[in-house]
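Asker:
Number of protein chains: 2
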Amino acid sequence: MLIVDSVSTNATTTRAGRPRSERTRLAILDAATDLALAGGAVPTVDAVASRAGVSRTTIYKWWPSTAAVLAEGLLERFHESIEFDDALPVRRAVTLQVDALVTLLRDTPAGELLRHLLAAAASDRTVGLAMLEQWLEPRRAQAAHHLERGVEQGTVRADVDPTLVVDVLFAPVYHRLVWGHAPLDHDLAAQVCDLVWPSIAAPAAAS
Amino acid sequence: MLIVDSVSTNATTTRAGRPRSERTRLAILDAATDLALAGGAVPTVDAVASRAGVSRTTIYKWWPSTAAVLAEGLLERFHESIEFDDALPVRRAVTLQVDALVTLLRDTPAGELLRHLLAAAASDRTVGLAMLEQWLEPRRAQAAHHLERGVEQGTVRADVDPTLVVDVLFAPVYHRLVWGHAPLDHDLAAQVCDLVWPSIAAPAAAS
Chain A
5 MLIVDSVSTN ATTTRAGRPR SERTRLAILD AATDLALAGG AVPTVDAVAS RAGVSRTTIY
65 KWWPSTAAVL AEGLLERFHE SIEFDDALPV RRAVTLQVDA LVTLLRDTPA GELLRHLLAA
125 AASDRTVGLA MLEQWLEPRR AQAAHHLERG VEQGTVRADV DPTLVVDVLF APVYHRLVWG
185 HAPLDHDLAA QVCDLVWPSI AAPAAAS
Chain B
5 MLIVDSVSTN ATTTRAGRPR SERTRLAILD AATDLALAGG AVPTVDAVAS RAGVSRTTIY
65 KWWPSTAAVL AEGLLERFHE SIEFDDALPV RRAVTLQVDA LVTLLRDTPA GELLRHLLAA
125 AASDRTVGLA MLEQWLEPRR AQAAHHLERG VEQGTVRADV DPTLVVDVLF APVYHRLVWG
185 HAPLDHDLAA QVCDLVWPSI AAPAAAS
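Residue numbers (the working numbering), protein chains in the order written: chain A, 5 to 211; chain B, 5 to 211.
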């Protein structure tokens, strides 16, 4: 069995256990996400409050910072990019997930925004933690889920280290986004999976 | 034959073809590197000039920015971390290079500095270009050199894509530095190489 960090992917988890108005919550998440995608940075709490039609107090009641709002909003907005059917063969599901990240970062404002959020995270720990909890970990958990499915099916070796494998599969995408030394090619996901799969495929399933 | 981007790894290349005093050049590089490693950020030109005992004009005559000075200084300071003997077996040389990066980023102030330089690069193109030219590309070229050596020796498949392979080998290290989701383990380099090597080893040399 794979050991995976315990990560909640439930975007509706509330911070303080207090019941929220789901409509207000979504309005705040949408406001933060729209502003960030348009402006390429973490929006101010005043800008989010104004756009969502709520008070600053309402926002701070539920989130510690606008970075946390934004991170949750990005997960909500792009959640489909990490959800792939368990009916898909494992290698296909994982390749599609890597490719969805390539496409998201290359073809939408999310790529430039993520570069700026990672930059902000270098000097602001709250931004880093929010992005880790709401962006990276849910994505890692989904990928690890498919690898674990492969182990159960006997198509993935039982001794693979999911932390390592998920890093090796996804890191090249973030690496090219951050450094810009090579393009986010349309076949990057397939190429990375081709390179890694022989080592993680169970012997009977190797090809 | 592998196709590798043409990259100069000659740290003594001058910007404008003008002869430099090597001693003055090294004093400026050392000043910028010392200040950056101590302060975790790109130093101001005044600070570099003061510490090196030169004028601002002297610095701007040879470099477009202190980011460019710093990037060149970092290459000079940490050059040994990318130089491994051609007498080493290819897999060993590449593993040592990945491990040298892990150690450099984990155990020296270079790790925190690089995080801040990558952050600065998100909003300052000159920082990004300097880091790309003086940090990433020389390192990529060295790794590609060893892979090419493997192709010539018949231990590495002739059809490997060095851009992809170098990314997959080194990206997990930068990924963990930037996101901080997993440690820069002492065996990370060996683990990544173990995962990738079966796909790039030439059939006769596979094991």
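Think of the CB as a built atom: it goes at the ideal place given N, C-alpha and C, for glycine as much as any other residue.
Remember, predicted model here, so these are calculated numbers, not experimental data.
If you check the beta carbons only, do V98 of chain B and L173 of chain B fall under 8 Å apart?
Answerer: Yes, they are a contact pair.
Asker: When Cβ atoms are compared, which residues of the stretch 85-117 of chain A fall closer than 7 Å to chain B?
Answerer: Within the stretch 85-117 of chain A, no residue qualifies.
Asker: My parser needs the alpha helix (DSSP H) runs of 4 or more residues fully inside the stretch 72-141 of chain B; what are they?
Answerer: The qualifying runs are 94-111, 114-127 and 129-135.
Asker: Would DSSP call V164 of chain A helix, strand or coil?
Answerer: The answer is coil: DSSP assigns V164 of chain A none of H, G, I, E or B.
Asker: Please state whether the Cβ-Cβ distance between L188 of chain A and R180 of chain A is less than 8 Å.
Answerer: It is a contact, given that the beta carbons lie within the stated cut-off.
Asker: From the DSSP output, which residues share a beta bridge with A205 of chain B?
Answerer: A205 of chain B pairs with B:V160.
Asker: Distance check for E156 of chain B and L30 of chain A, CA to CA, integer angstroms please.
Answerer: Roughly 58 Å between the two C-alpha positions.
Asker: Starting from the beta carbon of S127 of chain A, find every residue of chain B whose beta carbon is closer than 8 Å, and list them in chain order.
Answerer: By Cβ distance, chain B contributes H120 and A123.
Asker: Using DSSP with H/G/I as helix, E/B as strand and the rest coil, what is T62 of chain A?
Answerer: The answer is helix: DSSP assigns T62 of chain A an H, G or I state.
Asker: For D38 of chain A, return the contacting residues in chain B, with the cut-off set at a CB-CB distance below 8 Å.
Answerer: Correct list: empty, because the minimum Cβ distance to chain B is about 21 Å.
Asker: Using only CA atoms, which one of A:E84, A:R110 and A:I32 lies nearest to T61 of chain A?
Answerer: Closest option to T61 of chain A, Cα to Cα, is A:I32.
Asker: How big is the Cα-Cα spacing for I86 of chain B and W67 of chain A?
Answerer: Answer to the nearest angstrom: the Cα atoms are 44 Å apart.
Asker: Using a cut-off of 9 Å between C-beta atoms, extract the partners of S69 of chain B located in chain A.
Answerer: Simply none; closest approach about 18 Å.
Asker: Short of 8 Å in beta carbon distance, which residues of its chain neighbour G57 of chain B, apart from the five on each side in sequence? Order them along the chain.
Answerer: These residues qualify, in order along the chain: A31.
Asker: Closest to D38 of chain A by CA distance: which of A:S25, A:L100, A:V52 and A:T28 is it?
Answerer: It is A:V52.
Asker: Is the beta carbon of G154 of chain A closer than 8 Å to that of A208 of chain A?
Answerer: Their beta carbons are not under 8 Å apart, which means A208 of chain A does not touch G154 of chain A by this criterion.
Asker: May I have the straight-line CA-CA distance separating D165 of chain B from G43 of chain A, to the nearest angstrom?
Answerer: D165 of chain B and G43 of chain A: Cα-Cα distance of roughly 36 Å.
Asker: Going by the beta-carbon positions, is the gap between V106 of chain B and V182 of chain B smaller than 8 Å?
Answerer: No, the Cβ-Cβ distance between V106 of chain B and V182 of chain B is not below 8 Å.
Asker: Would you decide whether P113 of chain A is buried or exposed? Buried here means 16 or more other CB atoms lie within 10 Å of its CB.
Answerer: Its Cβ having fewer than 16 others within 10 Å, P113 of chain A is exposed.
Asker: Can you name the residues of chain A whose CB is closer than 9 Å to the CB of E141 of chain B?
Answerer: Under the 9 Å cutoff, chain A gives H185.
Asker: Anything in the stretch 145-169 of chain B with a Cβ closer than 8 Å to a Cβ of chain A? List those residues in chain order, please.
Answerer: Per Cβ criterion, the list reads D165, T167, L168 and V169.
Asker: With a cut-off of 8 Å, does the C-beta of Q195 of chain A fall near any C-beta of chain B?
Answerer: Taking Cβ atoms only, chain B reaches closer than 8 Å to Q195 of chain A, which makes this a yes.
Asker: Out of B:T70, B:K65, B:A193 and B:L41, which has the shortest C-alpha to C-alpha gap to S25 of chain B?
Answerer: Comparing Cα-Cα distances from S25 of chain B to each of B:T70, B:K65, B:A193 and B:L41, the minimum goes to B:K65.
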